[in-house]
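Numbered by this note's numbering, the letters in the sequence shown go through residues 21 to 267 in order. So the structure is just underneath, and the comments pick up after that.
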Amino acid sequence: MRLTRLYTPQPLASGATVTLDPRAAGHCARVLRMRAGDAIVLFNGEGGEYQARLETVNRREVRAEVGRFDAVSRESSLRVTLYQALARGERMDYALQKAVELGVAAVVPVLTRRCVVQLDAQKRERRMAHWAGVVTSACEQSGRTRLPALHPPMTLAQVLETGGGNDTQLRLVLDPEAQEGLSQLANNSDEVDLLIGPEGGLDTAEIAACRAAGFTPLRFGPRVLRTETAGAAVIAALQSRWGDLDH
């Protein structure tokens with residue numbers, strides 16, 4: 021039976037007893053209805069994970085005794101940064117969740133001309149907190165021991181101004197009108213930037229701006245994918261070709 025994995029943002033050490041943070045504690049006590057003595061796995065995002073056993077489970081607190089450390093790593097050698105155009109509600113959640121499950125290294129929400137979602141400062145703060153929860157839950161479920169970086173939303177112009185990390189880095193923008201498919205691309209870098217447009221797609225001027233900034237337009241098959249599907253599909257293909265899905 022697969023043990024419940026929980027992320028807790030605090031130092032962990034074998035032999036210590038820790039009080040779980042409210043999110044992890046609530047998941048244990050209210051959602052899973054776990055009891056004292058149940059075995060779990062804890063990780064804090066610094067790499068590796070700990071076997072643990074619940075010591076106290078009640079409404080006030082959940083405490084766990086930390087056991088053996090396992091120096092496992094489930095991070096891909098291919099560092100994919102997903103630049104995901106903002107989508108509505110569950111569509112954005114799905115895009116982030118599946119990208120994390122597939123091993124993405126970082127996620128940047130992007131505001132483009134056709135985005136139907138607009139964020140003021142208050143909404144941005146709430147959405148960032150919500151997305152962080154989605155990322156954390158996906159790490160718990162998928163076995164990852166490090167949390168991918170979740171960056172604050174950027175405009176497309178800001179993304180294009182940042183440039184790639186190095187001269188050989190592959191930068192891709194999904195475009196159903198592009199001439200090149202994934203099999204036609206060469207890659208000499210362990211870093212890939214992937215830009216996915218909004219529900220209405222990137223317009224012609226935005227695609228041209230992406231190309232001028234060093235992004236290669238990519239055609240991904242004969243069908244047009246939804247924004248929440250596109251990132252996961254392309255990341256899976258990238259990981260299969262240059263990452264760790266064939267391991």
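Idealized CB from N, CA, C, for every residue including glycine.
Q: Please name the residue or residues paired with R99 in a DSSP beta bridge.
A: In DSSP, R99 forms a bridge with E211.
**Q.** Contact set for G220: own chain, Cβ-Cβ below 7 angstroms, skip 5 residues either direction
**A.** R134
(Q) Rounded to whole angstroms, what is the Cα-Cα separation between A177 and Y103? (A) 12 angstroms
Q. Touch check for the stretch 200 to 211 and the stretch 235 to 246: three-plus C-beta pairs under 8 angstroms?
A. yes
Q: Take R259 as the anchor and find which of S96, R79, N78 and V38 has the nearest alpha-carbon.
A: A quick correction: the sequence has Gln, not Arg, at residue 259. Per the Cα distances, S96.
Q. Shortest alpha-carbon distance to N207 belongs to which of T28, T76, R53 and V100?
A. V100
Q: Give the straight-line distance between the Cα atoms of L26 and A44, rounded to the nearest whole angstrom.
A: 6 angstroms
Q.
Buried or exposed, going by whether 16 or more other CB atoms sit within 10 Å of the CB of Q142?
A. exposed
Q.
Using 8 angstroms as the cut-off, can you tell me whether the stretch 114 to 126 makes contact with the stretch 63 to 78, which would need three or more C-beta pairs spanning the two stretches below that distance?
A. no
Q | Collapsed DSSP secondary structure at T24 in the structure displayed | A | strand
Q. Going along the chain, which residues of its own chain have a beta-carbon closer than 8 angstroms to the beta-carbon of S157, five neighbours each way excluded?
A. Q117
(Q) Quick check on the DSSP output: the beta strand (DSSP E) that includes A126 runs from which residue to which? (A) Per DSSP, A126 belongs to the beta strand (DSSP E) from A126 to L131.
Q. What does a CB cutoff of less than 6 angstroms around D113 pick up in its chain, not counting 5 residues either side in sequence?
A. V154.
Q | CB-CB length for P218 against A107, believed under 8 angstroms | A | 7 angstroms
Q | Sub-8 angstroms separation of E69 and V92 beta-carbons | A | yes
Q) With burial defined as no fewer than 16 other Cβ atoms inside 10 Å of the residue's Cβ, what is the status of D213: buried or exposed? A) buried
Q. DSSP on T156, reduced to helix/strand/coil?
A. helix
Q | Rounded straight-line distance, which links the Cα of A232 to that of V254 | A | 22 angstroms
Q. For G263, which of D210, R246, A169 and T28 has the nearest alpha-carbon?
A. Among D210, R246, A169 and T28, the Cα nearest to that of G263 belongs to D210.
Q: With a threshold of 16 other CB atoms inside 10 Å of the CB of L62, please say whether the residue is buried or exposed.
A: buried
**Q.** alpha helix (DSSP H) segment containing P237, residue limits
**A.** Not the alpha helix (DSSP H): P237 falls in the beta strand (DSSP E), residues T236 to L238.
**Q.** Reduced DSSP category for V244 - H, G, I as helix; E, B as strand; rest coil
**A.** coil
Q. What is the DSSP secondary structure of D223, reduced to helix, strand or coil?
A. coil
Q | Identity of the residue in I60, A105 and D90 nearest R83 by Cα | A | I60
Q) In terms of alpha-carbon separation, which member of L215, E181 and D140 lies closest to G251? A) L215
Q. Excluding the five sequence neighbours on either side, which residues of its own chain have a C-beta within less than 8 angstroms of the C-beta of H171, listed in chain order?
A. A126, V127, V128 and P129
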